[in-house]
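A.B. asks: Pasting a structure below so you can have a look.
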Amino acid sequence: MPDRRQHRGSHPQDRGLFDLDAAPALLRATGDLNWLLTRGYASASALKLVGDRYALNARQRLAVARCACGEEDATRRQQHQVQTQDLAQQELWIDGYNVLTSLEAALSGGVILHAHDGCFRDMASMHGSYRKVAETIPAIQILGTLMAEWNVAVCRWLLDQPVSNSGRLKTMLREISEERGWNWEIDLVPDPDPVLIGSDQIVASADSQILNQAERWFNLARVAIDARVPDAWIVDLSGEGVERTSET
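Take 1 as the starting number for the sequence shown in the working numbering and just add one per residue.
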């Protein structure tokens with residue numbers, strides 16, 4: 001069946017899965033998973049243990065997994081993160097789908113997860129194919145406008161070549177940047193992750209593997225959502241100011 005979605009919005013069950021009644025269990029589950037990961041437990045088995053304990057369904061478990069990380073990883077990510085003022089006259093390499101889909105989801109009212117490492121992550125899944133939605137062009141324009149305000153010298157977008165419709169998105173990004181006079185480069189690569197990890201430039205992503213290895217990274221999706229989507233649906237599982245109260 002063809003994908004006819006017009007928005008990168010929430011799943012039909014999300015209002016119940018991530019409402020105020022569900023939030024305390026999700027926050028405790030994320031805290032417990034952080035604790036287990038910090039102590040070297042394997043992520044898959046730790047997630048199953050926590051998910052079973054709090055009777056989480058598959059989508060809630062996915063959210064907890066995307067928000068949790070061990071303290072060593074959290075500290076490393078914080079130490080290598082740069083701020084908005086550090087972008088002036090610098091190159092910024094963007095993990096294209098990772099950043100764009102989060103902003104699209106925020107604009108369409110989808111769940112945005114505030115993770116333990118401070119990143120905002122979405123619940124979208126492309127399954128090897130990208131489809132333009134109503135929020136795609138507004139999201140691109142928001143990102144471009146912000147980067148122009150920050151005086152980013154060059155923006156290099158990296159898109160996954162194997163993902164269907166990457167070529168169309170590349171054309172869209174190029175046309176918008178040329179129309180607005182933005183200095184953008186858009187590349188299709190087999191896998192952006194190793195390119196971003198090995199770059200000596202600032203990278204923009206919320207991908208955990210990239211953040212664990214990149215020398216400098218910028219929290220672009222979160223900054224853009226905070227600045228331009230004030231009514232975004234944020235589910236805060238960061239655990240900031242909350243201590244874990246139970247042993248697993």
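No residue lacks a Cβ here, since even glycine has one placed at the ideal position from N, Cα and C.
For the alpha helix (DSSP H) that contains R156, what are its first and last residues?
C.D. replies: In the sequence shown, counting from the first residue as 1, residue 156 sits at position 156. Per DSSP, R156 belongs to no alpha helix (DSSP H); it is in the beta strand (DSSP E), V154 to D160.
A.B. asks: With the cut-off set at 8 Å, would you say I112 and A232 are in Cβ contact?
C.D. replies: Walking along the sequence shown from the start, residue 112 turns up at place 112. Walking along the sequence shown from the start, residue 232 turns up at place 232. Yes, Cβ-Cβ distance for I112 and A232 is below 8 Å.
A.B. asks: Quick one: any contact between the region 219-226 and the region 184-194, if contact means 3 or more CB pairs under 8 Å?
C.D. replies: no
A.B. asks: With the cut-off set at 8 Å, would you say R216 and H80 are in Cβ contact?
C.D. replies: One-based indexing of the sequence shown puts residue 216 at position 216. One-based indexing of the sequence shown puts residue 80 at position 80. Result yes, Cβ atoms of R216 and H80 sit closer than 8 Å.
A.B. asks: If you drop the 5 nearest sequence neighbours on each side, which residues of the same chain put their C-beta closer than 8 Å to that of S129?
C.D. replies: Here residue 129 is taken as the residue at index 129 of the sequence shown, counted from 1. Excluding positions up to five away in sequence, the list reads D3, V163, S164 and N165.
A.B. asks: Could you please give me the residues that DSSP links to D52 through a beta bridge?
C.D. replies: Taking the first residue of the sequence shown as 1, we reach residue 52 at position 52. Bridge pairing for D52: absent [DSSP].
A.B. asks: Under the three-state reduction of DSSP, which class applies to P83: helix, strand or coil?
C.D. replies: Taking the sequence shown and counting its residues from 1, the one referred to as residue 83 is at position 83. Note on identity: in this sequence residue 83 is Gln, with Pro being the wrong assignment. In this structure, Q83 counts as coil in the three-state DSSP scheme.
A.B. asks: What residues are listed by DSSP as bridge partners for V203?
C.D. replies: The sequence position of residue 203 within the sequence shown is 203, counting from 1. According to DSSP, V203 bridges with W93 and W217.
A.B. asks: For G40, count neighbouring C-beta atoms within 10 Å of its own C-beta (all shown protein chains included) and say buried if the count is 16 or more, exposed if not.
C.D. replies: Start at 1 with the first residue of the sequence shown, and residue 40 comes out as number 40. Under this definition G40 is an exposed residue.
A.B. asks: Using CA atoms only, rank isn't needed, just tell me which of D236, P230, I234 and A214 is closest to Q78.
C.D. replies: Within the sequence shown, the letter at position 78 stands for residue 78. Closest option to Q78, Cα to Cα, is A214.
A.B. asks: Can you find the residues in the same chain that come closer than 6 Å, C-beta to C-beta, to R15, ignoring five residues on each side of it along the sequence?
C.D. replies: Mapped onto the sequence shown, residue 15 falls at position 15. Sequence-distant partners of R15 (beyond 5 residues in either direction) whose C-beta falls short of 6 Å from its own C-beta are missing from its chain.
A.B. asks: Where D117 and S238 are concerned, what is the direct C-alpha to C-alpha distance, given to the nearest angstrom?
C.D. replies: The count along the sequence shown starts at 1 and reaches residue 117 at position 117. The count along the sequence shown starts at 1 and reaches residue 238 at position 238. Computed Cα separation, rounded: 7 Å.
A.B. asks: If you reduce the DSSP assignment to three classes, tell me which class E135 lands in.
C.D. replies: Position 135 of the sequence shown, counting from 1, holds the residue named residue 135. Coil.
A.B. asks: Taking only the alpha-carbon atoms, compute the straight-line gap between L103 and Y54 and give it to the nearest angstrom.
C.D. replies: Looking up residue 103 in the sequence shown gives position 103. Looking up residue 54 in the sequence shown gives position 54. Taking the straight line from one Cα to the other gives about 30 Å.
A.B. asks: Using 8 Å as the threshold, is the C-beta distance between L158 and L196 below it?
C.D. replies: Within the sequence shown, the letter at position 158 stands for residue 158. Within the sequence shown, the letter at position 196 stands for residue 196. At the C-beta level, L158 and L196 come within 8 Å of one another.
A.B. asks: Determine the extent of the alpha helix (DSSP H) in which W233 is found, giving its start and end residues.
C.D. replies: What you label residue 233 is simply residue 233 of the sequence shown in a count that begins at 1. Here W233 belongs to no alpha helix (DSSP H); instead the beta strand (DSSP E) covers W233 to D236.
A.B. asks: Under three-state DSSP, which class holds S177?
C.D. replies: For the purposes of this step, residue 177 is identified with residue 177 of the sequence shown, where counting begins at 1. Secondary structure at S177: helix, using DSSP grouped into helix, strand and coil.
A.B. asks: Would you decide whether W34 is buried or exposed? Buried here means 16 or more other CB atoms lie within 10 Å of its CB.
C.D. replies: Numbered from its first residue, the sequence shown carries residue 34 at position 34. The question names Trp, but residue 34 in the sequence shown is Asn. Answer is buried; the Cβ neighbour count reaches 16.
A.B. asks: Is it right to say M1 is buried, meaning 16 or more other beta carbons lie within 10 angstroms of its own, or is it exposed?
C.D. replies: The count along the sequence shown starts at 1 and reaches residue 1 at position 1. For M1, the predicted model reports a pLDDT of 39, less than 50, meaning its position is unreliable; a value from the coordinates is still stated below. M1 comes out exposed.
A.B. asks: By how many angstroms is the C-alpha of S208 removed from the C-alpha of V64?
C.D. replies: For this step, residue 64 is matched to residue 64 along the sequence shown. For this step, residue 208 is matched to residue 208 along the sequence shown. Using only the alpha carbons, I get a separation of about 14 Å.
A.B. asks: Which of the three DSSP states, helix, strand or coil, is assigned to E240?
C.D. replies: Position 240 of the sequence shown holds residue 240. Note: E240 maps to coil in three-state DSSP.
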